[in-house]
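In what follows, a single structure is set out as structure tokens and then discussed.
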Amino acid sequence: MSESSAQTPIGAWFAERIPAEIYAGALSVTVDAQEIVVIGDVPRTDGDPEPPVERIAAHRERTRAGRIAIAQDAEATFGRKVSWGARADGTERLYTHLGVPVMTRLRQPERLLLDTLVEGGVARSRSEALAWCARLVGERESEWLAELHDALAGVRDARSRNPFDRDTAS
């Protein structure tokens, strides 16, 4: 399950700590069980390269020390790795992000499907083929996924109001 917004408690934590010279405007903070991904808009500064990809690369180098310090505090506080990215003029890039092993959980039919994608030249490896499949589902089923995220928010809300919660029951 994941959360995405600067309005979540973790998102608010980052919004309070990230100075304007690192990111301008609203942050996008996405949280899952292993990782927190923080993406923000690259502020314009004098002498920045014009192409967005070059602005993002320059921003990455210029803000590295500040982002590392914030990430270390966040990792100690939330027990998750922090990954960073940036947006400039409609272009978005992730600087770093966590790779989590999942292949051991796949059954043979799923592995054979991934092998077919590799043999067919769609991907160079099983992990790349799996990422390709996940991107494809995300692109083709975004409306359904949005409905599912909304439904899960309702489930989380209902769970938080559980009258039989073991921690509060007497």
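For the sequence shown, this note's numbering begins at 846 and goes up steadily by one. Virtual Cβ for every residue (Gly too), placed ideally from N, Cα, C.
DSSP puts residue i in a beta bridge; with which residues?
i, result
"Leu939", "Gly930"
"Asp873", "The identity of residue 873 in the sequence shown is Ser, whereas the question assumes Asp. Ser873 is bridged to Ile884."
Among the options, which has the Cα closest to the Cα of residue i?
i, options, result
"Met948", "Glu866, Ala857, Trp929 and Glu973", "Glu973"
"Ala902", "Val887, Asp891, Arg912 and Ala910", "Val887"
"Pro946", "Gly983, Gly911 and Gln879", "Gln879"
"Gly892", "Arg932, Ile881 and Arg907", "Arg907"
"Thr890", "Val882, Asp877, Glu866 and Ile881", "Glu866"
"Thr930", "Ile913, Pro1008, Ser970 and Glu964", "Here the sequence assigns Gly to residue 930, which means Thr is not the residue at that position. Selected option, being the one with the closest Cα: Ile913."
"Arg938", "Thr853, Val1000, Ile884 and Arg1004", "Ile884"
"Glu955", "Ala979, Tyr940 and His904", "Ala979"
"His904", "Tyr940, Asp877 and Val876", "Tyr940"
With H, G and I counted as helix, E and B as strand and the rest as coil, what does DSSP make of residue i?
i, result
"Ala860", "helix"
"Phe1009", "coil"
"Ser987", "helix"
"Ser972", "helix"
"Arg912", "helix"
"Leu951", "coil"
"Gly999", "helix"
"Glu899", "helix"
"Glu992", "helix"
"Arg1004", "helix"
"Val982", "helix"
"Val945", "coil"
"Thr961", "helix"
"Ala878", "coil"
"Pro854", "helix"
"Ala919", "helix"
"Glu906", "helix"
Using a Cβ-Cβ cut-off of 7 Å (strictly less than) and excluding sequence neighbours within five positions of residue i, which residues of its own chain qualify?
i, result
"Ala968", "Leu962, Ala974 and Trp977"
"Ala916", "Val927"
"Leu958", "none"
"Glu920", "Lys926 and Val927"
"Ala1014", "Per-residue confidence for Ala1014 stands at a pLDDT of 48, beneath the threshold of 50, marking its modelled position as unreliable; the derived number appears in the next sentence. Closer than 7 Å at Cβ, skipping near neighbours: no residue."
"Phe923", "Ile855 and Ile881"
Using C-beta distances below 8 Å, list every residue in its chain close to residue i, excluding the 5 sequence neighbours before and after it, in chain order.
i, result
"Asp1002", "none"
"Thr936", "Pro897, Val898 and Ile901"
Give every residue of the same chain whose Cβ lies closer than 6 Å to the Cβ of residue i, excluding the five residues on either side of it in the sequence, and list them in chain order.
i, result
"Ala933", "Val887, Pro897, Arg900 and Ile901"
"Gly911", "Ile867"
"Ser970", "none"
"Ala869", "Asp886 and Pro888"
Would you say residue i faces chain B, with C-beta separation under 8 Å as the test?
i, result
"Arg956", "The structure shown contains no chain B, having only a single protein chain."
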